[in-house]
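S.K.: Chains as they are written, first to last, in our numbering: chain X, 109 to 486; chain H, 2 to 926. Glycine included, C-beta positions come from ideal geometry on N, C-alpha and C. Input: one structure, supplied below.
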């Protein structure tokens, strides 16, 4: 129960009540001009068993709508403590990948890079960890919803701190199926599927768990995700890819702080956010703040599918197209005018009258996903 | 036998107990004899035979009384006393060796000395004699400015030549004690005192003739002529200053600012408080307290006070000696105290008397009126949001009085008038009730009982019902051992609880509850040793019992798991002694020592953690079970209270003080302002008590015969082990709260400058404060460090603060008030940037409290219109028209951020973002 957020809502109601619905809320734009405009962001990890991918970007102002600017043309390598260097090469701008590597768990590693402007950065040395495989990704129906659970263990008791990432993919359909398309001033049977699509997104949740309290390094059915029973994601078929990472104590604390900051965006009534301190330092200017935490570990993955047939029959789902009202009718005479833009599409032939039609946002599922299933779909 | 009817009638005008002292002045012939069940007339005959006394009595009444007595060489008085013991007869002896035996009350053998004055005022009760239990009337009171009151009997003065005069100051109309009134003589040198909470005063002076001055809040300044012969009592009845609008008085005595030893204390009386405009036209003591220098709050509409850089839980709020845990109604928009029953509010910011303890920053001592002891009366008010009614009157005239008051809101009704479903489903209401009874048993004993109950309930556009209840009760017995020593025995009980109920979805239907009970038993004594020493001492015991939190399912369909935190219990004891020493007329010192001991008690399970690591669920090593009554943790320590005053001249003085406070109960709240969901937590094996040291020094100067007061006070405060929170701490239903809190260090310093004009058509005060309040968290293991272990501004660090309260009186019936407040915006932690890791957007925040919300300023205007001043009318009414936030400044109450379409937008919520006019009608009958 988040009493503080709801307290704010209540205050707002109270405020409008007392003041007769005057505007109590205004935009708040504090003067933060003395803060650095943009921080370097280092995203990724040193893969102790595979290809390391590091993305260098820059942070954005809170109001920015653009994707983050990338930090291209950096010289970047993995460095073994008193040992070898493994270079990373830039594939797309700002993204740097290494060769497939097998790091030595007895040694310590760090990331070392110089930006195009010659500033030099290093991360703290960290021991390479190896993530134990995921035993199971399961799901269960609980409290009128679906919970996705993960189980894993490490017989050597070396891991103890776990972090998980999830990529979700689901199948969906648009509000109405279109059988016709208007191409080159001609109405014709639609050939391409724009009704059934698939979409993927990172879950965005930071999931952490530790087994330090337990006598064994075992994670049993740890809940990672909860989907309400009405979720559009469950309407046809849902899949989630769980990625598991073994973490150092420091990195665990970093993600824990990031998690708490993410769950509440600062209000006077929310818990105080914490300042993030990663493990990346600028050697050129020690006062420069760099965002990110680079650990060294491997990744373990497991995919789960949930089909509609596996779920309780009584469940009904949102479609995501609730705002799409009933289709219109376009008389023959208006066809050429109505369907000239791609924003308004015909649905079906209406004997003697014309075509039913709707906005593309309600018909073309490609506006929200991809009309071909991903390679792993089954 | 001899008839004494005429005399008897005459003497009935005033009754006076038998005075053995008279006999002692004569060379007494002694009586011997064996009286074996002889009749009273025969007894009299034998006594008259042995002595030169003549004994007068009513034969009808005494003929049948048998005397059984054996005496040997006893004075007549003793013989008579023994003979009449256990009978209803009393006797009196006059200077001419006449003895008058009467039934019921003894007669007064000497004429009252003012019996022939025109107003027939009663005489001063000038004798050291013990009152008899049969005395029906209260002690006579000094009411005349012209008459000379003789105190004590000639020749009875002690060898030292010093005489103690004591008594009560009471309002003539209602019989209510006048608290904090100054009673002093000006020549040959100024010697004075102030009345205590019972209106009691005691002055020690060399025997002689004096003009006794009496000044105080809400009373007319007056004086009495006294001739001090020996120790004695003088009850003072003074007239109430009826004109409400006359002046703003902050302190009782005009020269207290300079002459008093106490520093860092602010005293407000209800009349001052009434003049300050508030948001809803409701007189609000806490809102006025917030205008005083050194007192701040994090936001508008929150009653949590921050006194000199302290946290909101560091204020001891006493309502007739019972602790109040939540002093607010409706999120703090109203204070929980009905203004009609209040008498005075005293705020100690530094130099806290040794009597008080248990909180670090301040003591807010709120006292109610005793009720009218003379006649039945009532008062009330009708405002936009609330209405209130107070009834008071005597139970036994001049001896006991009651006061009953109630206040309720009708915001519920208002909400339902709005044609909007959301509002109609909402509710917001509160009420509070006060009852107080005082009874003067006799001259030496008085009892006081107070009960208070308040309840809040709100449900605003949601399915969650918030409810909280404050209840307190206190019972006080005051006993005067002698003129110089009195004691008060106080028992008090406080209860606070809240619950948050959610019943909309029956699957999730549940109730979250928290409660705290506190029982106090304390004995406080004041000993006026002599002119130079006033000694206070006492003992204080508190038993705490905290229902630390519970979540219980409601209804059979609820799937909520029952979760109840174990009850916490503790005992807190304190002993204190303090001595106020007037070294010279210019130099005074107060030395105080309080020693407190705290014991957290079982039954409860506590956890042990890995040493050297941040306490978390992951570092628990063991669970320790404590049996019922077993000690979980014990803390104790001395608390020093020292203050000195040096008068530079009659109009200027310098004062300094040092005090240490210890606090064993902590409020946990991760919101910056006080909210109804705050939890109180007792110290235990993990949570150490808070300790605070404050050093302050001040300069005081009065101008224009004490009508303009100025002061500069500066302070430095160090606070140890107060509670701060780890980032993202969970406080509700946390079974191991120590994993989410850290012990922080704090420091605060500041300068407070104030100028007050107390009289005249234009009056009020202006104050400016520069203060800082800083926190540091670096003692814990690495994970617990905040802002790199540096000092950072606390939530209520508002360096600049300017307040002006001004009143201008056009006539007796019209006056206006203008308030102006400016302060620096409170610190806030802001999001500075967004960034992407793993394709998810994250937010980067500044260091904790690195930025500030916009500065706060507000002006309020009020117009008070008194009804006509005719004495005979049904009710005396007055209107208050006020505009709160005259300039419509949108001061942010809350600031928050929302992620919208990939952007992060900031919003500010201002609650009183435009001028708010209000109208209130108050009446008195």
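What are the boundary residues of the alpha helix (DSSP H) that residue 469 of chain X is part of?
M.R.: Start and end: 468–471.
S.K.: To the nearest angstrom, how far is the alpha carbon of residue 609 of chain H from that of residue 639 of chain H?
M.R.: Roughly 28 Å separates the two Cα atoms.
S.K.: When burial is assigned at 16 or more other CB atoms within 10 Å of the CB, is residue 812 of chain H buried or exposed?
M.R.: Classification of residue 812 of chain H: exposed, given that the 10 Å Cβ count is below 16.
S.K.: Per DSSP, residue 937 of chain H forms a beta bridge with which residues?
M.R.: Given a span of 2 to 926 for chain H in the structure shown, any question on residue 937 of chain H remains unanswerable.
S.K.: Smallest Cα separation from residue 539 of chain H: which of H:556, H:497, H:593?
M.R.: Out of H:556, H:497, H:593, H:593 has the C-alpha closest to the C-alpha of residue 539 of chain H.
S.K.: Using a Cβ-Cβ cut-off of less than 9 Å, list which residues of the region 199–226 of chain H approach chain X; keep chain order.
M.R.: Listed by position along the chain: nothing, the set is empty.
S.K.: Output, in sequence order along the chain, the residues in the region 338–370 of chain X whose CB is closer than 7 Å to any CB in chain H.
M.R.: For the region 338–370 of chain X, which is checked against every Cβ of chain H, the residues closer than 7 Å are 361, 365, 366, 368, 369, 370.
S.K.: Closer than 8 Å by beta-carbon distance: list the chain X residues that pair up with residue 906 of chain H, in chain order.
M.R.: In chain order: 135, 170, 171.
S.K.: Using beta-carbon positions only, say whether residue 567 of chain H and residue 510 of chain H come within less than 8 Å of one another.
M.R.: No. Outside cutoff.
S.K.: So residue 490 of chain H contacts chain X; which residues on that side make the cut at Cβ distance below 7 Å?
M.R.: What residue 490 of chain H touches in chain X: nothing, since even the nearest Cβ is about 41 Å away.
S.K.: Assuming residue 289 of chain H and residue 274 of chain H form a contact by the criterion Cβ under 8 Å, report the distance between their Cβ atoms to the nearest whole angstrom.
M.R.: Right, the Cβ-Cβ distance comes to about 5 Å (below 8 Å), so this counts as a contact.
S.K.: In this structure, how does DSSP classify residue 461 of chain X when only helix, strand and coil are distinguished?
M.R.: It is coil, neither helix nor strand.
S.K.: Looking at chain H, is there any beta carbon in it that lies within less than 8 Å of the beta carbon of residue 253 of chain X?
M.R.: No, because no Cβ of chain H sits closer than 8 Å to the Cβ of residue 253 of chain X.
S.K.: Indicate whether the contact test is met: 3 or more Cβ pairs, each with one atom in the region 299–318 of chain X and one in the region 241–252 of chain X, closer than 8 Å.
M.R.: Segments in contact, no.
S.K.: Do you know offhand how far residue 237 of chain X's Cα is from residue 848 of chain H's?
M.R.: The straight-line gap from Cα to Cα measures roughly 31 Å.
S.K.: Let me see if you follow: with CB-CB separation under 8 Å, is residue 273 of chain X close to chain H or not?
M.R.: Yes, because at least one Cβ of chain H sits closer than 8 Å to the Cβ of residue 273 of chain X.
S.K.: With DSSP run on the structure shown, which of helix, strand or coil describes residue 124 of chain H?
M.R.: Any reading at residue 124 of chain H must be qualified, since the residue scores a pLDDT of 37, below 50, and its modelled position is unreliable; the value itself is stated next. Three-state result, residue 124 of chain H: coil.
S.K.: To the nearest angstrom, how far is the alpha carbon of residue 429 of chain X from that of residue 337 of chain H?
M.R.: Cα to Cα, residue 429 of chain X sits roughly 51 Å from residue 337 of chain H.
S.K.: List, in chain order, every chain H residue whose beta-carbon is nearer than 9 Å to that of residue 400 of chain X.
M.R.: Simply 836, 838.
S.K.: Of the choices X:282, X:233, X:167, X:156, whose alpha-carbon is the least far from that of residue 478 of chain X?
M.R.: When only C-alpha atoms are compared, the closest one is X:282.
S.K.: Taking only the alpha-carbon atoms, compute the straight-line gap between residue 360 of chain H and residue 317 of chain H and give it to the nearest angstrom.
M.R.: Taking the straight line joining both Cα atoms gives about 6 Å.
S.K.: Evaluate the contact criterion for the region 447–461 of chain H versus the region 427–437 of chain H: three or more CB pairs, one atom per stretch, below 8 Å.
M.R.: As far as the Cβ criterion goes, the region 447–461 of chain H touches the region 427–437 of chain H, which means the pair count is three or higher.
S.K.: Under 8 Å, with one C-beta from each stretch per pair, do the region 503–523 of chain H and the region 227–244 of chain H reach the 3-pair mark?
M.R.: Touching, no, given that fewer than three Cβ pairs across the two stretches are closer than 8 Å.
S.K.: What are the residues in the region 880–895 of chain H lying within 8 Å of chain X by C-beta distance?
M.R.: Going along the region 880–895 of chain H in chain order, one finds 891, 893, 894, 895 with a Cβ nearer than 8 Å to chain X.
S.K.: Under the rule that 16 or more other beta-carbon atoms within 10 Å means buried, what is residue 118 of chain X, buried or exposed?
M.R.: Its pLDDT being 48, under 50, residue 118 of chain X is placed unreliably by the model, and the measurement read from it follows with that caveat. By the neighbour-count rule (16 or more Cβ atoms within 10 Å), residue 118 of chain X is buried.
S.K.: Return the Cβ separation of residue 213 of chain H and residue 227 of chain H in integer angstroms, given the expectation that the two are a contact with Cβ distance under 8 Å.
M.R.: The Cβ separation is near 5 Å, so the contact holds.
S.K.: Should residue 17 of chain H be labelled buried (16 or more other beta-carbon atoms within 10 Å of its own) or exposed?
M.R.: Residue placement at residue 17 of chain H cannot be trusted, given a pLDDT of 38 that sits under 50; what the coordinates show is reported in the next sentence. Its Cβ being crowded by 16 or more others within 10 Å, residue 17 of chain H is buried.
S.K.: Can you say whether residue 234 of chain X is buried or exposed, counting buried as having 16 or more other CB atoms within 10 angstroms of its CB?
M.R.: Burial call: buried.
S.K.: Would you mind giving the Cβ-Cβ distance between residue 836 of chain H and residue 827 of chain H, rounded to the nearest angstrom? I have them listed as a contact below 8 Å.
M.R.: At roughly 27 Å, the Cβ-Cβ gap does not stay under 8 Å, so residue 836 of chain H and residue 827 of chain H are not in contact.
S.K.: Taking 7 Å as the limit between beta carbons, can you name the residues of its chain near residue 451 of chain X, skipping five residues before and five after?
M.R.: Only 467, 468 meet the Cβ criterion.
S.K.: Quick one: is residue 51 of chain X near chain H, going by C-beta distance under 8 Å?
M.R.: For residue 51 of chain X there is no data in the structure shown, the boundaries of chain X being 109 and 486.
S.K.: Do you know how far the Cα of residue 277 of chain X is from the Cα of residue 311 of chain X?
M.R.: Residue 311 of chain X and residue 277 of chain X: Cα-Cα distance of roughly 10 Å.
S.K.: Classify residue 375 of chain X: buried if its beta carbon has 16 or more other beta carbons within 10 angstroms, exposed otherwise.
M.R.: Any reading at residue 375 of chain X needs caution, since the residue's pLDDT is 45, under 50, leaving its predicted position unreliable; the model's value is listed next. Buried, since its Cβ has 16 or more Cβ neighbours within 10 Å.
S.K.: Considering Cα atoms alone, identify which of H:531, H:859, H:68 is closest to residue 159 of chain H.
M.R.: For the residues H:531, H:859, H:68, the minimum Cα distance to residue 159 of chain H belongs to H:531.
S.K.: So, is residue 155 of chain X buried or exposed, given that buried needs 16 or more other C-beta atoms within 10 angstroms?
M.R.: So residue 155 of chain X ends up on the buried side.
S.K.: Is the region 635–649 of chain H close to the region 589–603 of chain H, with three or more CB pairs under 8 Å?
M.R.: Taking 8 Å as the limit for Cβ pairs, the verdict is that the region 589–603 of chain H does touch the region 635–649 of chain H.
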